[in-house]
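Asker: Residue numbers (the working numbering): 13 to 145. Structure below; questions to follow.
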């Protein structure tokens, strides 16, 4: 399914991540997933939350640089080979994976893989054809 992801850009210095998650906690925002990519001077924190628009507004008003974008969230059995099935379907449809991260689902025995591709709708169709979605 296509979901909204929030990317937050922050300086790569001590305490900045703590400040970010503190704002989320103060506003009772539950992170369902988080990924951090770092560079020398800054990092990108990608989060999935239940109310992305509200969360983006809160973070923007607090002075953070925020971007929302669509990603695919694919629920799979939590067992060896599940990620490979997703990657094979996406590659078979001629798409390149920009990045991915995973989190455990609240549904027993399931994991959710977040993938960023250039065409979410085409990726969804490829995953449906492969009987993954």
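Each residue gets a CB set at the ideal place from its N, CA and C atoms; glycine is no exception. Since we're looking at a predicted model, the values are computed, not measured.
Can you tell which of 62, 130, 122, 118 has the C-alpha that lies nearest to the C-alpha of residue 12?
Answerer: Residue 12 lies beyond the stretch modelled for the chain, which goes from 13 to 145, so this question has no answer here.
Asker: So, do the segment 48–56 and the segment 122–133 have three or more beta carbon pairs nearer to each other than 8 Å?
Answerer: The segment 48–56 is not in contact with the segment 122–133.
Asker: In the structure shown, what three-state DSSP assignment does residue 61 receive?
Answerer: Note: residue 61 maps to coil in three-state DSSP.
Asker: Along the beta strand (DSSP E) that carries residue 24, what are the first and last residues, could you check?
Answerer: Where residue 24 is concerned, there is no enclosing beta strand (DSSP E), given that its DSSP letter is neither H nor E.
Asker: In terms of residues, what are the limits of the alpha helix (DSSP H) holding residue 96?
Answerer: Segment 94–104, the alpha helix (DSSP H) holding residue 96.
Asker: By alpha-carbon positions, which one of 25, 117, 136 ends up nearest to residue 44?
Answerer: With distances taken between Cα atoms, residue 44 lies closest to 117.
Asker: If you reduce the DSSP assignment to three classes, tell me which class residue 30 lands in.
Answerer: In this structure, residue 30 counts as helix in the three-state DSSP scheme.
Asker: Go ahead and pull the three-state DSSP assignment for residue 50.
Answerer: DSSP places residue 50 in strand when its eight states are reduced to three.
Asker: From 145, 132, 26, 19, pick the residue whose C-alpha is nearest to that of residue 65; which is it?
Answerer: It is 19 whose Cα lies nearest to the Cα of residue 65.
Asker: Closest to residue 130 by C-alpha separation, out of 145, 96, 102, 34, would be which residue?
Answerer: When each option's Cα is compared against that of residue 130, the closest is 102.
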